[in-house]
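Undergrad: Below is one structure. I have some questions about it.
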Amino acid sequence: MSEKTYLQALNDALRQEMERDENVFILGEDVGQFGGCFGVTQGLFETFGEERVKDTPITESAIVGAAGGAAVAGLRPVAELMFVDFIGVAMDQLFNQAAKMRFMFGGKATVPMTLRMPQGAGIGAAAQHSQSLESWFMHIPGLKVVIPSTPYDAKGLLISAIRDDNPVIFLEHKLLYGISGEVPDESYTIDIGKADIKREGTDVTIVATSLMVHSALDAADKLQAEGISAEVVDPRCLQPLDSETIVNSVKKTHALVIAHEAVQFAGPGAEIAAMVAEEALDYLDAPIKRVGAPFCPVPFSPPLEQFYIPDSGNIVEAVKRIR
Amino acid sequence: MALSKKTLIHMFETMNRIRLFEQQLQEFFAAGEIPGFVHLYLGEEAVATGACSALTETDMMTSTHRGHGHLLAKGGDLKLMMAEIFGRQTGYCKGKGGSMHIADLDLGILGANGIVGGGGPLAVGAAFAAKYKKSDQVALCFFGDGASNQGTTQEALNMASAWKLPLVFVNENNGYGISCPQCKSMAVVDIADRAAAYDMPGVVVDGNDVLAVHEAVSEAVKRARNGEGPSLIECKTYRWRGHFEGDACVYRCAEELEEWMAKDPIPRFEAKLLESKTLSKKDVAAIKERIAKDVDEAVAFAKESPMPQTSALMDDVYA
Ligand SMILES: Cc1ncc(C[n+]2csc(CCOP(=O)(O)OP(=O)(O)O)c2C)c(N)n1
């Protein structure tokens with residue numbers, strides 16, 4: 324066990340899986356000598372060489388499609404897009420090709436690819452480089468959607484994603500790359516689809532993802548000071564979604580707030596809220612509250628961007644409205 | 331080609347305006363005064379200047395993530411650009427767009443673009459609109475060597491040609507897409523060769539020679555206005571800075587940079603203008619001084635301008 328950043332944890336996972344299985348290879352823009360847009364693939368080109376750490380032209384459609392094709396042909400590609408926003412260019416290759424092959428072919432194809440994409444606002448990157456798009460991917464049968472919030476989760480989940488026999492969307496947050504935490508040196512996996520209770524509490528459940536897990540923990544501290552005990556549940560994966568852990572928590576606390584950075588309207592919180600309403604309405608003492616971004620593109624100017632991103636204050640406020 | 335003295339001087343001013351604007355941005359970015367990313371155009375001034383000086387004010391243009399030069403060459407306002415890049419309320423996009431998204435529809439500037447290859451299809455649409463409305467306008471699409479590999483770019487080339495649209499594709503081949511050298515991202519040496527696949531003229535020019543760029547683009551604009559369809563002009567050039575400010579540039583060697591810096595397009599053009607007596611040394615000094623003053627004023631304007639109000643966040647999501 325040692326202290327590692329989220330970025331190092333991801334790098335560890337890639338290195339260990341490449342060492343373990345020669346079918347694992349990396350492809351993407353500037354992933355080679357340059358080390359990846361945010362540095363996640365740093366050093367892998369030097370260790371594994373050009374055949375296994377492949378710099379591609381700037382062609383997202385071909386990157387995602389080639390990952391799907393290589394996967395169906397027996398390799399385990401880990402593709403990187405520099406920013407999740409660029410998936411727009413490659414949508415067909417993801418949604419209509421990779422995600423659907425197994426089903427359409429009557430179960431004959433296996434598509435073990437992982438697609439890593441950083442998302443989120445906070446670095447002044449403006450509307451085309453800052454989105455949180457997880458609900459797009461959750462909505463497509465055939466894809467799995469992983470969204471880790473800590474270095475520990477990032478490593479274990481990335482290893483699981485690479486070993487998974489399905490296309491896995493792996494969503495990192497730009498502002499999390501620098502955070503550190505305890506991460507085992509050895510290889511380990513975390514089940515895809517298993518939520519984690521990041522903090523136990525009795526008065527309200529806060530389901531939060533990615534960067535918002537940290538805001539929720541911060542909010543829980545503030546609430547504690549006012550005598551409200553919040554339980555923070557991090558689903559870690561949005562597809563499959565661990566409804567059991569979430570529902571059990573709500574049954575215990577009788578109140579639910581959901582926090583994510585994606586636009587609130589039709590965001591992942593909508594699905595979670597509906598699921599809880601269907602399965603545990605009788606346990607709720609108050610309406611479900613959602614905290615998400617406003618329904619507008621991500622603005623550039625720092626004061627606007629800061630205002631746009633939900634924070635612990637918004638979460639505290641949401642909890643206080645129902646508790 | 332006989333260009334008027336006025337045009338030549340305007341081109342010289344434009345190149346210097348871009349140069350100084352970018353040098354200022356470089357400093358302010360390093361000082362932490364500019365949010366987000368900045369992709370500088372230093373070293374490539376001859377391309378934007380040569381190309382845009384072949385257009386009229388009503389002609390349209392799509393730009394890229396490295397768009398400051400294109401915008402200034404098309405007539406973009408120094409103050410409004412500077413304020414936008416500083417994230418201010420008074421900027422071109424009210425602080426909502428930043429460096430990568432500046433637009434001025436009145437000048438036919440359909441926007442810089444954060445998506446590599448995003449501009450090609452937009453330029454096709456603009457050129458179609460011009461043809462449809464018989465407006466006599468031409469659209470010009472700037473795109474990089476990296477962008478030339480995007481499907482969107484190839485799709486745009488094809489559609490523009492199939493529909494014989496008044497469109498000029500100007501490829502800025504600076505040799506790299508971030509860290510990826512051209513030789514690793516494509517098998518052809520000249521991107522202009524790809525024009526053959528779409529049955530349009532493909533021309534290679536020295537992108538550090540503003541007059542060569544101007545001449546090639548003017549020819550293409552003439553064809554476009556005559557209803558003869560699109561052209562592809564490849565301008566060979568080089569970016570002096572890293573891909574973005576802060577890029578350590580480990581992927582290219584110092585000698586290569588030095589070699590290209592020795593081909594600086596500005597002194598080269600200046601020497602021509604002095605030799606032909608279009609300008610005297612005194613004129614040159616006066617021009618540079620005036621531009622320095624304009625840029626300083628733009629910086630002061632940006633810095634004195636307020637940040638946007640959070641109450642404006644939801645404005646302009648819909649018309
Ligand atoms: C669709 C998409 N993919 C990747 C990027 C990241 N990116 C921004 S600029 C750039 C390189 C573009 O190279 P080129 O087109 O040659 O233009 P240059 O930077 O050399 O001017 C890349 C990969 C992006 N903005 N959009």
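Protein chains in written order, with my numbering: chain A, 324 to 646; chain B, 331 to 649. In this text, a Cβ means the ideal position worked out from N, Cα and C, and glycines have one as well. Keep in mind that this is a model prediction, so the values were computed, not measured.
#1: Span of the alpha helix (DSSP H) holding V454 of chain B?
#2: Could you pull the start and end residues of the beta strand (DSSP E) that M591 of chain B belongs to?
#3: List, from N- to C-terminal side, the beta strand (DSSP E) runs of 3 residues or more that fit wholly inside the segment 349 to 403 of chain A.
#4: What does the alpha-carbon distance come out to for the pair G428 of chain B and P626 of chain A?
#5: How is the alpha helix (DSSP H) around G481 of chain B delimited, first residue to last?
#6: Using the beta-carbon count (16 or more within 10 Å), is L435 of chain B buried or exposed?
#7: Is any heavy atom in ligand 1 found nearer than 7 Å to the beta carbon of R644 of chain A?
#8: What residue does the beta strand (DSSP E) around S325 of chain A start on, and which one ends it?
#9: So, using beta-carbon positions, are G445 of chain A and I632 of chain A closer together than 8 Å?
#10: If you measure beta-carbon to beta-carbon, which residues of the segment 563 to 575 of chain A are closer than 9 Å to chain B?
#11: For R553 of chain B, which of B:A517, B:T482, B:M516, B:V498 has the nearest alpha-carbon?
#12: Could you tell me the alpha carbon to alpha carbon distance between D407 of chain B and L456 of chain A, rounded to whole angstroms?
#13: Less than 8 Å between CB atoms is the rule here; does N479 of chain B satisfy it with respect to chain A?
#14: Give the range of the beta strand (DSSP E) segment to which T437 of chain A is assigned.
#15: Where does N504 of chain B land, buried or exposed, given buried means 16+ other C-beta within 10 angstroms?
#16: Consider the Cβ of F623 of chain A: report whether some Cβ of chain B lies at a distance smaller than 8 Å.
#17: Beta-carbon within less than 8 Å of R555 of chain B's beta-carbon, same chain only, minus the 5 sequence neighbours each way: which residues are those?
#18: Look at the alpha carbon of A384 of chain B and the alpha carbon of S548 of chain B, and state the distance between them as a whole number of angstroms.
#19: What did DSSP end up calling F574 of chain B once you bin it into helix, strand or coil?
#20: I'd like to know whether the C-beta of L627 of chain A is nearer than 8 Å to at least one C-beta of chain B.
#21: For A615 of chain B, count neighbouring Cβ atoms within 10 angstroms of its own Cβ and tell me buried if that reaches 16, exposed if not.
#22: So, under 8 Å CB-CB, Q356 of chain A and F371 of chain A are touching, yes? Tell me the CB distance rounded to an integer number of Å.
#23: Mapping DSSP to helix, strand and coil, what is R613 of chain A?
#24: Going by the DSSP bridge assignment, what does A600 of chain A pair with across the sheet?
#25: Quick one: what does DSSP say K517 of chain A is sitting in, helix, strand or coil?
#26: Would you kindly work out how many angstroms separate the C-alpha atoms of F361 of chain A and T420 of chain B, rounded to a whole number?
#27: Using C-beta distances below 6 Å, list every residue in its chain close to M489 of chain B, excluding the 5 sequence neighbours before and after it, in chain order.
#28: Residue range of the beta strand (DSSP E) that M391 of chain B falls in?
#29: Could you tell me the boundaries of the alpha helix (DSSP H) in which I645 of chain A lies?
#30: Could you name the residues of chain A that K593 of chain B contacts, counting a contact when the two beta carbons are closer than 8 Å?
#31: For C382 of chain B, does the count of other Cβ atoms within 10 angstroms reach 16, so buried, or fall short, so exposed?
#32: Could you check whether the Cβ of I381 of chain A sits closer than 7 Å to any heavy atom belonging to ligand 1?
#33: Please tell me whether T394 of chain B has its Cβ less than 8 Å away from any Cβ of chain A.
#34: If you run the structure through DSSP and keep just helix, strand and coil, what is T512 of chain A?
#35: Please look up how many angstroms separate the CB atoms of M424 of chain A and V395 of chain A, rounded, as I've assumed it's under 8 Å.
TA: This is what the structure holds:
#1: Position 124 of the second sequence, counted from the start, is the residue given in the question as residue 454 of chain B. Going by DSSP, V454 of chain B is part of the alpha helix (DSSP H) stretching over 449 to 462.
#2: Position 261 of the second sequence, counted from the first residue, corresponds to residue 591 of chain B. Counting along the chain, M591 of chain B falls outside any beta strand (DSSP E), though it belongs to the alpha helix (DSSP H) covering 584 to 591.
#3: Counting only runs of 3 or more, we get 376 to 378, 399 to 403.
#4: Stepping through the second sequence from its first residue, residue 428 of chain B is reached at position 98. Stepping through the first sequence from its first residue, residue 626 of chain A is reached at position 303. If you draw a straight line from the Cα of G428 of chain B to the Cα of P626 of chain A, it comes to about 13 Å.
#5: Locating residue 481 of chain B in the second sequence gives position 151, where the first residue counts as 1. That run of the alpha helix (DSSP H) goes 481 to 492.
#6: Reading the second sequence from its first residue, position 105 is the one you call residue 435 of chain B. Per the 10 Å Cβ criterion, exposed.
#7: Your numbering for residue 644 of chain A matches position 321 in the first sequence. No, the beta carbon of R644 of chain A sits no closer than 7 Å to any heavy atom of ligand 1.
#8: As a first step, residue 325 of chain A must be located in the first sequence, where it is residue number 2. Segment 325 to 328, the beta strand (DSSP E) holding S325 of chain A.
#9: Taking the first residue of the first sequence as position 1, residue 445 of chain A is located at position 122. Taking the first residue of the first sequence as position 1, residue 632 of chain A is located at position 309. Yes, these two residues count as a Cβ contact at 8 Å.
#10: Listed in chain order, the positions of the segment 563 to 575 of chain A with a beta carbon within less than 9 Å of a beta carbon of chain B would be empty, since no residue qualifies.
#11: Position 223 of the second sequence holds residue 553 of chain B. Relative to the Cα of R553 of chain B, the nearest Cα in the group B:A517, B:T482, B:M516, B:V498 belongs to B:V498.
#12: The residue given as residue 407 of chain B occupies position 77 in the second sequence. The residue given as residue 456 of chain A occupies position 133 in the first sequence. Take the alpha-carbon of D407 of chain B and the one of L456 of chain A: they are about 35 Å apart.
#13: Here residue 479 of chain B is taken as the residue at index 149 of the second sequence, counted from 1. With a threshold of 8 Å between beta carbons, N479 of chain B makes contact with chain A.
#14: What you label residue 437 of chain A is simply residue 114 of the first sequence in a count that begins at 1. Where T437 of chain A is concerned, the enclosing beta strand (DSSP E) stretches over 437 to 442.
#15: Counted from its first residue, the second sequence places residue 504 of chain B at position 174. Flag for N504 of chain B reads buried.
#16: Within the first sequence, numbered from 1, the residue matching residue 623 of chain A stands at position 300. Residue contact check for F623 of chain A against chain B: a CB pair falls below 8 Å.
#17: The residue you call residue 555 of chain B lines up with position 225 of the second sequence. Taking C-beta separations shorter than 8 Å and ignoring five residues to either side along the sequence, the partners of R555 of chain B in its chain run D466, V468, P496, following chain order.
#18: Counting from 1 along the second sequence, the entry for residue 384 of chain B is found at position 54. Counting from 1 along the second sequence, the entry for residue 548 of chain B is found at position 218. Answer to the nearest angstrom: the Cα atoms are 5 Å apart.
#19: On the second sequence, residue 574 of chain B is found 244 positions in, with the first residue counted as 1. The three-state reading of DSSP puts F574 of chain B in coil, since its state is none of H, G, I, E or B.
#20: As a first step, residue 627 of chain A must be located in the first sequence, where it is residue number 304. Answer yes: the Cβ-Cβ gap between L627 of chain A and chain B drops below 8 Å somewhere.
#21: Mapped onto the second sequence, residue 615 of chain B falls at position 285. Exposed is the call here.
#22: Taking the first sequence and counting its residues from 1, one reaches residue 356 of chain A at position 33. Taking the first sequence and counting its residues from 1, one reaches residue 371 of chain A at position 48. The beta-carbon distance between Q356 of chain A and F371 of chain A, rounded to whole angstroms, is 12 Å. This is too long to meet the 8 Å contact definition.
#23: One-based indexing of the first sequence puts residue 613 of chain A at position 290. R613 of chain A: strand per DSSP, three-state reduction.
#24: In the first sequence, the residue the question calls residue 600 of chain A occupies position 277. In the DSSP assignment, A600 of chain A forms no beta bridge with any residue.
#25: Position 194 of the first sequence, counted from the start, is the residue given in the question as residue 517 of chain A. The three-state secondary structure of K517 of chain A, taken from DSSP, is coil.
#26: By one-based count along the first sequence, residue 361 of chain A stands at place 38. By one-based count along the second sequence, residue 420 of chain B stands at place 90. Straight-line Cα distance between these residues: approximately 32 Å.
#27: The sequence position of residue 489 of chain B within the second sequence is 159, counting from 1. Cβ neighbours of M489 of chain B beyond the five flanking positions: V454.
#28: Counting from one through the second sequence, the residue named residue 391 of chain B turns up at place 61. M391 of chain B -> beta strand (DSSP E) spans 390 to 392.
#29: Mapped onto the first sequence, residue 645 of chain A falls at position 322. 635 to 645 is the span of the alpha helix (DSSP H), which, as asked, contains I645 of chain A.
#30: Along the second sequence, read from residue 1 onward, the residue named residue 593 of chain B stands at position 263. Chain A residues near K593 of chain B: none, gap ~26 Å exceeds 8 Å.
#31: In the second sequence, residue 382 of chain B corresponds to position 52, counting from 1. The residue in question, C382 of chain B, is buried, as its Cβ has 16 or more Cβ neighbours within 10 Å.
#32: Position 58 of the first sequence, counting from 1, holds the residue named residue 381 of chain A. Under cutoff, so the answer is yes.
#33: Within the second sequence, numbered from 1, the residue matching residue 394 of chain B stands at position 64. No, no contact with chain A.
#34: Position 189 of the first sequence, counted from the start, is the residue given in the question as residue 512 of chain A. Coil.
#35: Mapped onto the first sequence, residue 424 of chain A falls at position 101. Mapped onto the first sequence, residue 395 of chain A falls at position 72. Confirmed, Cβ separation roughly 6 Å.
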